[in-house]
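Read through the structure below, which is laid out as structure tokens, and then see the notes.
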Amino acid sequence: MAWLENLLAVLTAEEKVRLVVGVGPARIVPGAAGETRAVRIVPSITLTDGPSGVRIEGSEKVWYYTTAFPAPIMLASTWNPDVVERVGRAMAEEAKYYGVSVLLAPGLNIHRHPMCGRNFEYFSEDPLLSGRMAAAFVRGVQSVGVAATLKHFVANDQEINRTTIDTIVSERALREIYLKAFEVAVKEGRPWAIMCSYNKLNGRYTCQSEWLLTKVLRDEWGFDGLVMTDWGAGDNPVEQIKAGVDLIMPGNDEIVKWLEEAVRKGALPLQYLDRAVKNVLKLIERTSTARSGVKSVDWDEHARIAYEAAIEGVVLLKNSGALPLKPGTRVAVFGTGQVETLKSGMGSGHNHPRYTITILDGLRKSELVVDEELSSKYEGYVLSKRGKEQLEKLYKCEVMLERLPQDIVSEEEVAKYAERNNVALIVITRISGEGWDRKPVKGDFYLADDEIKLIDMVSKAFHERGKKVIAILNVAGPVEVASWRDKVDAILVIWLPGQEAGKVVADILLGKASPSGKLPLTWPKDWKDVPAAKAPECYPGTPQNNPRFVVYCEDIYVGYRYYDTYNIEPAYEFGYGLSYTKFEYRNLRVEKSETGLRVSLEVINTGNYPGKEVVQVYIKAPQGRIPKPFQELKGFKKTKLLNPGESERIEIEIPLRELASFDIDKKAWAIEPGVYQIRVGSSSRDIRLTATFTIDKELVFSP
Ligand code: BGC
-13 MAWLENLLAV
-3 LTAEEKVRLV
7 VGVGPARIVP
17 GAAGETRAVR
27 IVPSITLTDG
37 PSGVRIEGSE
47 KVWYYTTAFP
57 APIMLASTWN
67 PDVVERVGRA
77 MAEEAKYYGV
87 SVLLAPGLNI
97 HRHPMCGRNF
107 EYFSEDPLLS
117 GRMAAAFVRG
127 VQSVGVAATL
137 KHFVANDQEI
147 NRTTIDTIVS
157 ERALREIYLK
167 AFEVAVKEGR
177 PWAIMCSYNK
187 LNGRYTCQSE
197 WLLTKVLRDE
207 WGFDGLVMTD
217 WGAGDNPVEQ
227 IKAGVDLIMP
237 GNDEIVKWLE
247 EAVRKGALPL
257 QYLDRAVKNV
267 LKLIERTSTA
277 RSGVKSVDWD
287 EHARIAYEAA
297 IEGVVLLKNS
307 GALPLKPGTR
317 VAVFGTGQVE
327 TLKSGMGSGH
337 NHPRYTITIL
347 DGLRKSELVV
357 DEELSSKYEG
367 YVLSKRGKEQ
377 LEKLYKCEVM
387 LERLPQDIVS
397 EEEVAKYAER
407 NNVALIVITR
417 ISGEGWDRKP
427 VKGDFYLADD
437 EIKLIDMVSK
447 AFHERGKKVI
457 AILNVAGPVE
467 VASWRDKVDA
477 ILVIWLPGQE
487 AGKVVADILL
497 GKASPSGKLP
507 LTWPKDWKDV
517 PAAKAPECYP
527 GTPQNNPRFV
537 VYCEDIYVGY
547 RYYDTYNIEP
557 AYEFGYGLSY
567 TKFEYRNLRV
577 EKSETGLRVS
587 LEVINTGNYP
597 GKEVVQVYIK
607 APQGRIPKPF
617 QELKGFKKTK
627 LLNPGESERI
637 EIEIPLRELA
647 SFDIDKKAWA
657 IEPGVYQIRV
667 GSSSRDIRLT
677 ATFTIDKELV
687 FSP
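Just so we're aligned, residue -13 is where the sequence shown starts under the working numbering, counting upward by one.
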């Protein structure tokens, strides 16, 4: 780009410094996270969050609404990159409409353990699923000229002491799990920006690591975009620019002075500053169409996209003949979550939609018949405890309020509701957010006594009368279910489903769509089973009450890689999710070439409802020099909507390189010789077809 070279030649060192240090919060777009500084003819551009919708706010007079899409944990549960791409595109259209050039999303940190407060903003415990979903999101966002930002690079997998914690992790686990998600997203999505994280990695702030930001990211993976810091990350701006940061966010005048002085004294050679300036200018150039703005947004269409994504992300954990319900079914709805429905989590990952359809609103508008006396009781209770103002804030996910006791009905009342309704719904909610982790205690990971009491009362009264009980989990992540799941007939996980929440719940209950979501993480039976929870130094770190460092003791054995290898039974395994219909898998064919594998098979809907199935391909490698996990996900594909009797031939390509493990001794990727098993299934533990192939001699690839 000649103009870029010309500009670089005339800019003073001071001007260059101002280009690489941002401003925040943004002044032009209210509520946006930050902007770059305008210098000469170079305009300022605006950056904002985030993963569930464009985060901007209004002044007192004007409120800028944006669509609340399902949280990324739910997007990942769709296992459908096309849906995620549409969400990314819609979000970027809204960003563009409001004059935002850079979206600070997607987040793709690994669900190392289920208590990370920001897991809802991230996709999965598996790097391939995370990376593929992120790549799809990036493609959607960038298709309209807005930059996507992969974050938080890397190993920022807990919120406890997130800005200072030192993550100690082996290079193998980094390469195969934590970096891998980013590698897939960089190579398949070609993002224009990436955000380095708050934490340290093996002793050094990620935003000050040349190894990470230059060697791995640019030299090995070919990343050609801009690297920005997380807001206030690290402690040395000179080190940051030298390591490969291009834009320090949100920045301040002190940092500007610090860098100017470093340039004057030669501590920051100009070549580093020029590299950063070039990348800032390139980003501004790439997003230039975003600045020209769009005149209108099709809000109805975006609501439809949010609805469609949420529908595909609902996971049905259990169904003993309870679902779907018939129109006209009389439903008794228990739990404050019917009123206080959570659309998203808290922190930079929330946004302000025009409306949120609560579960109760959705049910009322549906063909189900809501027991109004019971639901009004919950409505009155919530309003009296919260007050109108707090409730509004809660809908916006702006406040963290104490959980309300759920058992506000007596046994006699429950008996009355059981008598006159056909079915009971119990809504359980759990929020989480930026800056704090969830806790393995009652009222968080474990259900509180009041929740258990409610489940006991409802289950007894309805079951005595031969009626079914359905639990609806409106949650940011897993809660313990093994101790109470036998008391209910169906469990639906609706995650944090965005603004269309109630409509999604009603339509799934009524079978207008069959659930087709699959778990993007292992749903553990108990906290003690979680690999990261084996010792305090592994989580939350040392010293326990205020950790400075955390050791990733489980190494590569994250999520199902641990449960499968060490034979630990989860409550529900990775990739699990039921449907209202049944699918059969047939005619597996595997073709192996020099470059990879082509796996193909036929999926047929043998049940009675239309539905979609997620076909998952796992590979079990032979044990060799490098210890291997039991199996790893290497490909997946969601079918189209299959009517009863209909079938689809699925083809999944797996590049040979994907079979490799990271060999610490050789500092390279290695595929060891031996017999490999291909395992095709409907979940990681529901394998329907298998085949084998052989690798004759070891293959080695450079990173
Ligand atoms: C968060 C980022 C976010 C940024 C700007 C930080 O605190 O960690 O995810 O993009 O703030 O809002």
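Even for Gly, the Cβ is constructed at its ideal location relative to N, Cα and C. The structure displayed is predicted, hence computed values, not measured ones.
Cα-Cα separation between residue i and residue j, rounded to whole angstroms
i	j	result
E588	P310	27 Å
W655	L642	11 Å
T52	K498	27 Å
A308	V601	25 Å
R148	E577	46 Å
K489	Y381	16 Å
K653	V686	10 Å
A(-12)	A81	29 Å
Y83	Q257	36 Å
A447	L199	60 Å
R451	E399	15 Å
R75	E388	36 Å
A557	I438	18 Å
E599	V283	32 Å
E174	E298	23 Å
N188	L115	26 Å
P100	P464	7 Å
P526	P517	12 Å
A121	N222	31 Å
Y662	P613	14 Å
P313	R350	12 Å
V544	N(-8)	49 Å
V301	V413	15 Å
I605	L505	19 Å
I31	L90	13 Å
Supposed close pair residue i, residue j - CB separation, criterion 8 Å
i	j	result
F560	S670	5 Å
L245	V213	About 16 Å; that fails the 8 Å criterion.
A229	G331	With 8 Å as the limit, A229 and G331 do not qualify as a contact, their Cβ atoms being about 31 Å apart.
F616	T551	4 Å
V7	V242	5 Å
K186	T135	That pair is no contact at about 21 Å.
D216	C182	7 Å
Chain-order list of residues whose beta-carbon lies under 7 Å from that of residue i (same chain, five-residue window excluded)
i	result
D430	R416, R424
E326	V368, L380, T415
R72	G126, I291
R611	E658
G582	E639, I640, P641, L642
E466	F431, Y432, L433, D512
S195	L187, A229
Cβ shell of residue i (< 6 Å), same chain only, five flanking positions each side left out
i	result
D541	S156, A159
G335	G36, P37, S38, E107
K568	T592, G593
G484	A54, F55, P56, A292, A296, K329
V249	A(-1)
E365	V325
G621	V603, I638, I640
L495	L311
Per DSSP, the bridge partner or partners of residue i
i	result
V28	V25
G93	K137
Q602	F622, G667
T678	Q663
E570	I590
V9	E21
M181	M214
Contacts around residue i, its chain only, beta-carbon distance under 8 Å, and the 5 residues preceding and following it disregarded
i	result
I180	T135, L136, K137, F139, F168, V172, L203, F209, G211, L212, V213, M214
V409	A308, L311, T315, R316, V317, A318, F448, K453, K454, V455, I456
L259	A(-1), K2, V3, V6, I227, L245, V249
L627	P596, G597, K598
P11	G17, A18, A19, G20, P236
For the stretch 95 to 114 against the stretch 56 to 68, are there 3 or more C-beta pairs whose distance is under 8 Å? yes
Does the stretch 344 to 356 come close enough to the stretch 316 to 329 that 3 or more CB-CB pairs lie under 8 Å? Yes, the stretch 316 to 329 touches the stretch 344 to 356.
With contact counted as at least three CB pairs below 8 Å, one residue from each stretch, are the stretch 572 to 579 and the stretch 526 to 536 in contact? no
For the 8 Å Cβ check, are there 3 or more pairs between the stretch 118 to 130 and the stretch 399 to 409? no
Count the C-beta pairs between the stretch 82 to 102 and the stretch 134 to 152 that are closer than 8 Å, then say yes if the count reaches three, no if not. yes
Quick check: the stretch 265 to 281 against the stretch 348 to 360, are there 3 or more CB pairs under 8 Å? No, the stretch 265 to 281 does not touch the stretch 348 to 360.
Say whether the stretch 62 to 72 touches the stretch 15 to 22, bearing in mind that this needs 3 or more beta-carbon pairs closer than 8 Å, one atom from each stretch. no
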